[in-house]
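Colleague: Following this message is one structure expressed as structure tokens.
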Amino acid sequence: MAFTYTTVPGFFIQDNATTAEAVPPRFGLIDDSDNRWDTLCAEIDRLNCEAEEGTSYKVVIFGRHGQGFHNVAESKYGTQAWDDYWSKLNGDGELVWGPDAKLTPLGENQARVVNRAWKTELAFNIPLPRRRYCSPMTRALSTYILTFEDIPLECRPLVLENCREVYGVHTCDKRRSRTYISTTFPQFDIEEGFTEEDQLWTPDERETDEHVALRAKAVLDVIFENDGETFISVTGHSGIINGFNAAVGRPSFSLQTGGVLPMIIKAVKN
């Protein structure tokens, strides 16, 4: 079933911006009253109750992984040299970033900052995401675990292939095997049909922005077709998060490592 996606602006500081601090107070919610999350929930409920048939609204909180060793390498060599040469290697003798770059200690701490933000907002009744989706890349899985550490959540998070970063050429974006993911991260369920080895990554062709946006739309289709929950989280990467921006008609957003980008997304069945 096909959907058209847009966003409902006016609730978060990120709605009309192209960048913001990684984890702004209240995750960017403009309302700073003590009952801010109850007010937001009531508004989402109103939108869904008054929506025409085939239209629905969800709050999706996108999280970018914390700093990975590939991010350090790109900063070390500069983006041009990174894209032209270093990204195609697994490391430089000092740093290792491929395949499937891991978090740095700073990246782990960035995820803990998000964890503290969740715990702060729980005191103001922020709704916990009832459905949580994650990229299969190690840096995203590790970020998810640290983000929601010691927070009581129903249902297990689900790994989706389509939540991964832009793939091809860069070794940091070549994922590990299904067996590695299931044994290293047993907290996660893995979607049906997920292949044992990475069948998407190739050393000589980088995925296009247009295809990334199609993948992001496919994730939204899964969420809006099959998921009855209103509050959703997606843990991923800058490239796929900008794919989501494109899929809902928003401009590109420069989200820092460990950053959070909430959206109220409207879906209309075509």
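Take the sequence shown: its position 185, counting from 1, is numbered 184 in numbering that gives the first Met the number 0, and each next residue is one higher. Idealized CB from N, CA, C, for every residue including glycine.
Under 8 Å between the Cβ atoms of residue 146 and residue 62?
Modeller: Within the sequence shown, the letter at position 147 stands for residue 146. Within the sequence shown, the letter at position 63 stands for residue 62. Cβ atoms of residue 146 and residue 62: closer than 8 Å.
Colleague: Which of the three DSSP states is assigned to residue 31 in this structure?
Modeller: As a position in the sequence shown, residue 31 is number 32, starting the count at 1. Correct three-state label for residue 31: coil.
Colleague: Using only alpha-carbon positions, find the residue among 102, 107, 72 that is nearest to residue 92.
Modeller: Translated into positions along the sequence shown, residue 92 becomes position 93. Of the listed residues, the one whose Cα sits closest to residue 92 is 72.
Colleague: I'd like to know whether the C-beta atoms of residue 128 and residue 163 end up nearer to each other than 8 Å.
Modeller: Residue mapping note: residue 128 aligns to position 129 of the sequence shown, counting from 1. Residue mapping note: residue 163 aligns to position 164 of the sequence shown, counting from 1. Taking 8 Å as the Cβ cut-off, residue 128 and residue 163 do not qualify as a contacting pair.
Colleague: When you compare the region 224-236 with the region 183-195, are there three or more beta-carbon pairs, one atom per stretch, that lie closer than 8 Å?
Modeller: They do not touch, by the three-pair rule.
Colleague: Among 167, 11, 154, 138, which one has its Cα closest to the Cα of residue 180?
Modeller: For the purposes of this step, residue 180 is taken as residue 181 along the sequence shown, with counting starting at 1. The residue with the shortest Cα to Cα distance from residue 180 is 138.
Colleague: How would you label residue 43, buried or exposed, when you count the other beta carbons within 10 angstroms and need 16 or more for buried?
Modeller: The residue you call residue 43 lines up with position 44 of the sequence shown. By the neighbour-count rule (16 or more Cβ atoms within 10 Å), residue 43 is buried.
Colleague: Under a three-way DSSP split, which group does residue 162 fall into?
Modeller: Position 163 of the sequence shown holds residue 162. In this structure, residue 162 counts as helix in the three-state DSSP scheme.
Colleague: Taking residue 132 as the reference, which of 116, 209, 83, 189 has the closest Cα?
Modeller: Against the sequence shown, residue 132 aligns to sequence position 133. When only C-alpha atoms are compared, the closest one is 189.
Colleague: Roughly how many angstroms lie between the CA atoms of residue 68 and residue 239, to the nearest whole one?
Modeller: Against the sequence shown, residue 68 aligns to sequence position 69. Against the sequence shown, residue 239 aligns to sequence position 240. Cα to Cα, residue 68 sits roughly 19 Å from residue 239.
Colleague: Tell me, please, whether the region 200-211 touches the region 103-118 by the rule of three or more beta-carbon pairs shorter than 8 Å.
Modeller: Touching, no, given that fewer than three Cβ pairs across the two stretches are closer than 8 Å.
Colleague: DSSP three-state label for residue 248, please.
Modeller: Position 249 of the sequence shown, counted from the start, is the residue given in the question as residue 248. Three-state DSSP puts residue 248 in coil, outside helix and strand.
Colleague: With residue 58 as the anchor, note down where its alpha helix (DSSP H) starts and where it stops.
Modeller: As a first step, residue 58 is located in the sequence shown; it is residue number 59 there, counting from the start. No alpha helix (DSSP H) holds residue 58; the beta strand (DSSP E) holding it covers 54-63.
Colleague: Can you tell me whether residue 293 is buried or exposed, with buried defined as 16 or more other CB within 10 angstroms of its CB?
Modeller: Look at the range of the chain in this structure, 0 to 269, and you will see that residue 293 is not part of it.
Colleague: How far does the alpha helix (DSSP H) with residue 261 in it reach, from first residue to last?
Modeller: As a position in the sequence shown, residue 261 is number 262, starting the count at 1. Unbroken run through residue 261 is the beta strand (DSSP E), 259-268; no alpha helix (DSSP H).
Colleague: Would you mind sorting residue 143 into buried or exposed? The rule is 16 or more other CB atoms within 10 Å of its CB.
Modeller: Numbered from its first residue, the sequence shown carries residue 143 at position 144. Buried is the call here.
Colleague: Quick check on this structure: which residue in 156, 24, 141 has the alpha carbon closest to the alpha carbon of residue 118?
Modeller: In the sequence shown, the residue the question calls residue 118 occupies position 119. Of the listed residues, the one whose Cα sits closest to residue 118 is 24.
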